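**Student:**
In the UniProt record's numbering, the protein residues as written are 1 to 293.
1) State the Cα-Cα distance for the pair residue 207 and residue 175, rounded to the nearest angstrom.
2) Tell me whether the segment 224–232 and the segment 245–261 touch, counting them as touching only if at least three CB pairs, one residue from each stretch, are closer than 8 Å.
3) In three-state DSSP terms, what is residue 167?
4) Use the C-beta contact count for residue 314: other C-beta atoms within 10 angstroms, 16 or more gives buried, fewer gives exposed.
5) Would you kindly work out how many angstroms separate the C-alpha atoms of residue 155 and residue 127, rounded to a whole number?
6) Once DSSP output is grouped into helix, strand and coil, what is the label at residue 150?
7) Quick one: grab the DSSP three-state call for residue 33.
8) One question on the structure: do residue 113 and residue 98 come within less than 8 Å of each other, judged by their Cβ atoms?
9) Using only the alpha-carbon positions, how far apart do residue 121 and residue 177 sit?
10) In angstroms, rounded to a whole number, what distance separates the CA positions of residue 27 and residue 44?
11) State the start and end residues of the unbroken alpha helix (DSSP H) segment that holds residue 299.
12) What separation, rounded to the nearest whole angstrom, lies between the Cα atoms of residue 274 and residue 264?
This is the structure:
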């Protein structure tokens, strides 16, 4: 690594990927190690390093790791005599099977073995899983017994509690649509049965209502939305979809007697009249855009 540092000081400021490509490995060797062996050792050390840094930082970190390979980022205080926590059923299974796999194929990595063993564990028969659970339960019972004895000997010991995850802020209930308010009100009048048939009947009843009857439900939907606006913040309000459609809003305003804004141009007036005529209702969107003449 000293040879690497002395090779080209400019490479220290480059990224790992670019800097390594520019290394002349024929100039990097020491004692009886060939350049190929040096390159292989460097690649092995880099498997333990985080590579999103400059090459200079990586070289310093690689040196410190090489001096103490088993060094951890955060060391926990080891308490003598503290019983080890029992393993789960999967870990008991993994420990046994991984040992057998390593004997058959020493080159197999732990990651590759864990993928295979995870699938094998899923396919275990209920009898084998029950046998594993018995083994785990025996370990749990032994752990509890040892912990009681340990706490008697160490009365000042306090077990580490798992860090509780912060609870997510739940979004408020979304305001109901006019049709949903109508369904909640009328559903009790129908006998319980198929949900699809019930929804079809309610939809049919809703469509049979005139504009004045629908206004009551549209008004209640708007009131629910205003209540949400007072309690929810802006982000939550933005995420909630509008509970009153444009068509329902038009019905609401027309029944209240709010004057309709006139079209701003002759083309807009023509478009409104054309789209509202009976003939255009049976046409597709593309066909509607074509002029009728």
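Beta carbons: idealized from backbone N, C-alpha and C, even for Gly.
The structure presented is a predicted model; accordingly, all values stated were derived computationally and were not measured.
**Tutor:** Well, looking at it:
1) Counting from one through the chain shown, the residue named residue 207 turns up at place 207. Counting from one through the chain shown, the residue named residue 175 turns up at place 175. Distance between the alpha carbons of residue 207 and residue 175: 21 Å.
2) no
3) For the purposes of this step, residue 167 is taken as the residue at position 167 of the chain shown. The pLDDT assigned to residue 167 is 48, lower than 50, so where the model puts this residue is not dependable; a value taken from the coordinates is nonetheless given after this. Correct three-state label for residue 167: coil.
4) Coverage of the chain is limited to positions 1 through 293, which leaves residue 314 absent and any answer about it impossible.
5) Looking up residue 155 in the chain shown gives position 155. Looking up residue 127 in the chain shown gives position 127. The straight-line gap from Cα to Cα measures roughly 41 Å.
6) What you label residue 150 is simply residue 150 of the chain shown in a count that begins at 1. Reduced to three states, the DSSP call for residue 150 is helix.
7) As a first step, residue 33 is located in the chain shown; it is residue number 33 there, counting from the start. Note: residue 33 maps to strand in three-state DSSP.
8) Along the chain shown, read from residue 1 onward, the residue named residue 113 stands at position 113. Along the chain shown, read from residue 1 onward, the residue named residue 98 stands at position 98. Yes. Within cutoff.
9) Locating residue 121 in the chain shown gives position 121, counting from the first residue. Locating residue 177 in the chain shown gives position 177, counting from the first residue. If I take the Cα positions, the gap works out to 48 Å.
10) Reading the chain shown from its first residue, position 27 is the one you call residue 27. Reading the chain shown from its first residue, position 44 is the one you call residue 44. Approximately 19 Å between the Cα atoms of the pair.
11) Any property of residue 299 remains undetermined from this structure, which presents the chain solely from 1 to 293.
12) As a working mapping, residue 274 is identified with position 274 in the chain shown. As a working mapping, residue 264 is identified with position 264 in the chain shown. Those two C-alpha atoms are separated by around 16 Å.
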